[in-house]
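One structure below.
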Amino acid sequence: MQNKCAIELKNIRKTFGPVVANDEINLQINRGEILCLLGENGSGKTTLMNMLSGIYQPDGGEIYKDDQQIAIKSPKDAYDYGIGMIHQHYHLVDVFTAAQNIILGLENEKMDINAVNDKVKAICDKYGFNVDPKKKIYDMSVSQKQTIEIVKVLYRGAEILILDEPTAVLTPQETDKLFAVLRNMKKDNKAIILITHKLAEVLDVSDKVAILRKGRYIGTVNTKEATAQSLTDMMVGHSVKLNIDRPVYPNPQDKLQISGLTVVDNDGVRKLDNVTFTAKTGEILGVAGIAGSGQKELLEAITGLYPIKEGSIKFIRDDGAQEELVGKTPMQIRQVGVGMGFVPEDRLGMGLVGSMGMTSNMMLRSWKSGKSIFFNKKNPEELANKVWKDLEVVTPSTEFPVRRMSGGNIQKVLVGREIASNPPVLLTAYAVRGLDINTSYAIYNLLTEQKMNGSAVMYVGEELDVLLELCDRIVVLCGGQVSGIVDARTTTKEEIGLLMTSVGGKEATNE
Amino acid sequence: MSDVKKTPLIRLAKRDAMDPKYAMLIRIGSILLALIIGSIPIILTGVNPFKAYGVIIKGSLSNSIYLKQTIKIAIPLLVCSLAIGPCFKMKFWNIGAEGQLTFGAICSAFVAINLGGKIPSLLCILLMAIAGALGGGLWGFLPGLFKAKFNTNETLFTLMMNYIAIGLGAWLQGGPWEGRKGTQIVPMFDKSTYLPEVFGVQCGWIVALLLVVFMHIYMNYTKHGYEVAVIGDSENTARYAGMNVGWIMMRTMILSGAICGIAGFLVLAGANHTFTKTIANGVGFTAITVSWLSQLNAFVMIAITALLAVISKGSSTLNKQLQVPTAVSEIVSGVLLFCMLSSEFFINYKIIFRSKADKEVKA
Amino acid sequence: MNSLFALIAAAGTYATVLMFGTMGEILTEKSGNLNLGVEGIMYMGGILGLVAANRYEAIVGEANSIGFVAILVAILGAFAAGALAGLLFSFITVTLRANQNVTGLAMTTFGTGVAKFVGEIMRTKLNGYVSVSNHLKEAFSFKFMPDFLKNIPIIGPIFFNQVHFFYMGIILAVVIHLFLTKTKTGLYLRAVGESPVTADAAGINITAYKYIATAVGGGISAIGGMVFTMTTAGCVWIEASLSGIGWLSVALVIFCTWKPMNSIWGSMLFGSLMIMYLWIIIPGIPTEIYKILPYVVTLVVLIISSIRNNKDKQPPASLGVNYFREER
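Here it is as structure tokens:
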């Protein structure tokens, strides 16, 4: 007779340098149960699960399997203990068939593709998957690829399955199918851990919910006894006073009108779905949402970097004239005199050139100016020195490669450049991610300064406390749709939390 | 945040930046090591390696005739290395310098054969240069176009283009341009197509040095150079900055091909005064290694080119004086390239042994 | 029409050379290593195969030399040279992480240098001539199929009137094909070349696979060089005649879309094109142009497959790119 409790975690702690990712985590995972692990971005869910799947090892605490203390030192160990994790990024060889991918790396498996196919089929039939083992990965949809990852884990005899945000890439129909499979596995006495932010799904599929907040374990509740509101409260916690200065701009005007904006990625997934809102001068418009809800695509679409399927983006000039931005390249947008600052999420991969110094990076905005075939280095040099001094960037010189600066200094260089020309529109994505408190406040002040200069600032953020105190209004995205637009001065953390996790804005009523 | 298993015996860590003095020492060390390894075949032929290296140096630099020949070898190599620089900076693996040089030479020879002696010398030479640049530019443009439009693998594309150009050259040499039937030799061009000499060497060396300066300025001070450098670091950043990545790619390949074509023109008008299909003679390939090893620095290219040219010319003297096979030059060059390629590893990575790593953890 | 079949039949020997060169490089590239040193490796195989056979004969004496053993010795000699070159390439690119293109080109310089050097040394040591005795020459070029098969019209000369290396090549192509598609090790090797991240996550030892595939691949390519010296070149070292064959093999790898079975007919086609000028004169098309055709068709294949983006005809996805785990 098997124990009901499959895995128990006691006082798990994990740090990365000075950052405590997990602290005093206690968790019990039972067989024949679906446990949802709920928490905001950066609450330590994935780190915790990576310790179960052998990618990290805990710095403190114990892991028990069937009351035996175990040490999971590698992904292979995890497999041997029957733990299988399905990551957000799939590890599959594109030109291989499903079956070939499934047996990759299996030591005791004979290369008998027919036998493998049969076994795969047996697994599929048992749990209700629909997989053709002979189909090549490149012919598969995202959800089929995910299925292969799950079958791969089951094939290795996993009894405990961890799925990291499996529904992020799925359509509602595919999600329903996945949940049906998960329920079948539950019946088969497997233990399942589901990492997700979507409350509707949590309430739909799970038996228990464990909540993490900022790396700490908050508690476990039975799903039956929980409501969306109670879970949100546990997840976001009480508001923390940050004391960010929020002055009021006297006369806000519409600056950027976005209507019906829809974009589709290479896999055919709708990353933005009929997004409509207006950004105004003299305000910081927050954009809240779970990671991957379309924030990146939204900003890139506005700046002309992401292909747009439908909709319009209108820039309103000071004299009231409107300029349509859809269909223009970044250079064309600049040439028609639309000033836009953009601080992208990927600082070194998109906003800056890592191998170059501050001066050359300042040039990224001005390199084209002038008729000469030579670039003008004087102005960027002056700007670099100004940013260096004004924002207190720590670097030996303006020629020092920015890649080798610290994260905070890299961000100062990027933000410094983008606000240098006082652009009428300033877009920022995760502007304070990874920065220390002081630098974060420095950035908040810079953004507020821009706002008071009459810029329309958009602030894509992940910390609700900051959004609530820094912004004037907040657009909440959920699954590529606008689930609500709220007044940051009157709303609550709980309200935003709910909007972030409710698909399609069904529960959104504000405004 | 790599896999946490038991600490392996040897671990690698990327160095932040090595003191340039040590980096230089490692590079010089790698050259010395190459010379030591390269002395093995010399010893096998029963010659004292010290003496052999002495002959190589003397036989390439000690008098004006040797020196001129060394410079003659160095010119196309240097020009092609310069040409490849911007491509590699852009992370576009152009290994087609051989073909770009050859096709440039073909176009140049076309002008020389048809117009040589019929128009004023200077005009003819100028037209040859332009034809060479156009031909090479075309040969560079095609792979650039397909890379930009269809993401066709540029390494394999440029490789094929080499042999198509050489094949065309073979056809011309043995067909339309052949002198006496059956000789497979293109007659010498009219004297009016010869490049003038400066200090007793074809003036190509001036062109090459001018190109060094040009390339240095182009890469470091022009908008084009800036675009190329940004694309090489991150295509996304380039798009963010409003650059037209596809066009810049094509433009850079045209430039690169054109300069290779000029190298072909220089060999043709400055040295050979006739066309052969082997006019590139591997220079395009060697230039790739030179370009890479100099880390795309135009001035360092002069040094590495000089080193390889000395070995090449010196070996032929070595062959005449001590009967050591000329192939020694290729062996030594190959070993030299291997050693210098490997040395970068020790400049970029720290090797950490287990015991030391443990101490670091405790500290 | 008859001259076309005669051409194909005659192309067999040349095709054999290409077949080995190509199959070796396919194996190498399947591991993600783009070894552009094939030219140098085939050069080394060409001379060391000859030297091995020559030394064997010198040791046992002309009268005692056995054709079969001489062939074996030549194969081993060439293979060893190519495998060592493959190991060196792997060491520099996998362990020391140097750029593959540049290392491959340096390998070409080095390999041709070594081959010419050895050839030259042997020539001076043996007073001007490196070769083997006539009966060994016959052994190398022996066409062992029975006459009644050779005499079948059309098929006979093409398929049965070939040197034994030709059949070895075909068998090897089948073996490599089966290895890559039917065995676990072959599957793992392809995974390494396609997606090293995936292979690494699955616990496959990427370094070992790359080293072994590149070494064995280099060895096989080198055998191609040996076949050239011992058959086409008549067991005599003529250094210039090998020139370009290695590059043609690299082209053929692309033409075959990295499938060993395609290398059988692909090398027949390329071989035919290379010697076509001796057999068929098409008015208006100069013979030298025929020799460009292999490269032109390869280019066309490369372009079409990239435009169509047919996933099954692409290079191994990680080809030419070094894999460092810490950059995952």
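Protein chains in written order, with this note's numbering: chain S, 14 to 524; chain F, 157 to 519; chain D, 452 to 779.
All C-beta atoms in this analysis are idealised placements derived from N, C-alpha and C, irrespective of residue type, glycine included.
Remember, it's a predicted structure, so these values are computed and weren't measured experimentally.
#### Entry: chain F contacts made by the stretch 736-766 of chain D, where a contact means CB separation under 7 Å
Pro-737, Glu-739, Ile-740, Lys-742, Ile-743, Tyr-746, Val-747, Thr-749, Leu-750, Leu-753, Ile-754, Ser-757, Ile-758 and Pro-766
### Query
In three-state terms, what does DSSP make of Cys-416 (chain F)?
helix
#### Entry: Beta-carbon neighbours of Pro-88 (chain S), restricted to chain D and to distances below 8 Å
Ala-652 and Gly-654
### Query
How would you list, in chain order, the residues of chain D whose beta-carbon sits under 8 Å from the beta-carbon of Gln-159 (chain S)?
Within 8 Å Cβ-Cβ: nothing; Gln-159 (chain S) doesn't reach chain D, min ~15 Å.
### Query
Rounded C-beta distance between Leu-440 (chain S) and Gly-354 (chain S)? I'm assuming under 8 Å.
7 Å
### Message
Just to confirm the assignment: which complete alpha helix (DSSP H) runs, minimum length 4, are found wholly within the stretch 639-690 of chain D?
### Response
647-652 and 657-678
#### Entry: Proximity below 8 Å, CB of Met-784 (chain D) to CB of Lys-742 (chain D)
Absent from the model: residue 784 (chain D). The displayed extent of chain D is 452 to 779, so no value can be given.
### Task
Give the straight-line distance between the Cα atoms of Met-493 (chain D) and Thr-683 (chain D), rounded to the nearest whole angstrom.
14 Å
### Query
Can the beta-carbon of Tyr-209 (chain F) be found less than 8 Å from the beta-carbon of Ser-216 (chain F)?
no
### Query
DSSP three-state call for Glu-254 (chain F): helix, strand or coil?
helix
### Message
Does any residue of chain F have a CB that is nearer than 8 Å to the CB of Arg-430 (chain S)?
### Response
no
### Query
For Leu-485 (chain D), which residues from the same chain have a beta carbon less than 6 Å from its beta carbon, with the 5 sequence-adjacent residues on both sides left out?
Gln-551, Leu-770 and Gly-771
### Query
So, is Glu-516 (chain F) buried or exposed, given that buried needs 16 or more other C-beta atoms within 10 angstroms?
Note that Glu-516 (chain F) has pLDDT 42, beneath the 50 cutoff, so the model's placement of it is unreliable and the number below is only indicative. Label assigned to Glu-516 (chain F): exposed.
#### Entry: Given Val-524 (chain D) as reference, the closest of D:Glu-513, D:Gly-500, D:Leu-538 and D:Ala-624 once Cα atoms are compared
D:Gly-500
### Task
Check whether the stretch 125-140 of chain S touches the stretch 740-754 of chain D, taking contact to mean three or more Cβ pairs, one atom from each stretch, closer than 8 Å.
no
### Message
Just to confirm my understanding: we take Tyr-140 (chain S), look at its own chain, exclude 5 residues before and 5 after, and list those with CB closer than 8 Å. What are they?
### Response
Leu-167, Val-194, Asn-197, Met-198 and Asp-201
### Query
So which residues of chain D does Met-465 (chain S) contact, with C-beta pairs closer than 7 Å?
Within chain D, no residue comes near Met-465 (chain S); the closest Cβ sits about 43 Å away, beyond 7 Å.
### Task
Use the C-beta contact count for Asp-403 (chain S): other C-beta atoms within 10 angstroms, 16 or more gives buried, fewer gives exposed.
exposed
### Query
In chain order, what residues of the same chain have a beta carbon less than 6 Å from the beta carbon of Gly-300 (chain F), not counting five sequence neighbours either side?
Met-405, Met-406 and Met-409
### Query
Counting Cβ pairs closer than 8 Å, one from the stretch 242-250 of chain S and one from the stretch 442-459 of chain S, do we hit at least three?
no
### Task
Along the alpha helix (DSSP H) that carries Cys-236 (chain F), what are the first and last residues, could you check?
220-245
### Message
Against chain S, does Thr-311 (chain F) count as a neighbour if the rule is that its beta carbon must be under 8 Å from one of theirs?
### Response
no
### Query
At a CB-CB cut-off below 8 Å, which residues of chain F make contact with Phe-192 (chain S)?
Within chain F, no residue comes near Phe-192 (chain S); the closest Cβ sits about 32 Å away, beyond 8 Å.
### Query
Buried or exposed: where does Met-677 (chain D) fall if 16 or more other Cβ atoms within 10 Å of its Cβ makes it buried?
buried
### Span of the alpha helix (DSSP H), counted from its first residue to its last, around Phe-142 (chain S)
Note, Phe-142 (chain S): premise wrong, no alpha helix (DSSP H); not H, not E.
### Message
Against Lys-381 (chain S), what residues of chain F qualify as contacts under a CB-to-CB distance less than 8 Å, listed in chain order?
### Response
Lys-379 and Gly-398
### Message
Tell me the DSSP secondary structure of Met-353 (chain S) in three-state form.
### Response
strand
### Query
So Asp-598 (chain D) is in the alpha helix (DSSP H); what residue range does that whole segment cover?
598-601
### Message
At the 8 Å Cβ level, is Gly-2 (chain S) part of the contact set with chain D, yes or no?
### Response
This structure gives no information on residue 2 (chain S), because the portion of chain S shown stretches from 14 to 524.
### Task
Under the assumption that Glu-353 (chain F) contacts Val-342 (chain F) (Cβ atoms under 8 Å), give the Cβ distance between them as a whole number of angstroms.
22 Å between Cβ atoms; not a contact.
### Task
Could you give the DSSP three-state label for Arg-171 (chain F): helix, strand or coil?
coil
### Message
Below 7 Å, is the gap between the Cβ of Thr-683 (chain D) and the nearest heavy atom of the ligand MG?
### Response
This structure lacks the ligand MG, and indeed carries no ligand of any kind.
### Query
Do we get a CB-CB distance below 8 Å when we pair Ile-386 (chain S) with the residues of chain F?
yes
### Message
Tell me which residue opens and which closes the beta strand (DSSP E) that Val-747 (chain D) is part of.
### Response
Run containing Val-747 (chain D): none in the beta strand (DSSP E); it sits in the alpha helix (DSSP H), 738-759.
### Boundaries (first-last residue) of the beta strand (DSSP E) holding Ala-442 (chain S)
438-442
### Task
Say whether chain F places a C-beta atom closer than 8 Å to the C-beta of Pro-31 (chain S).
no
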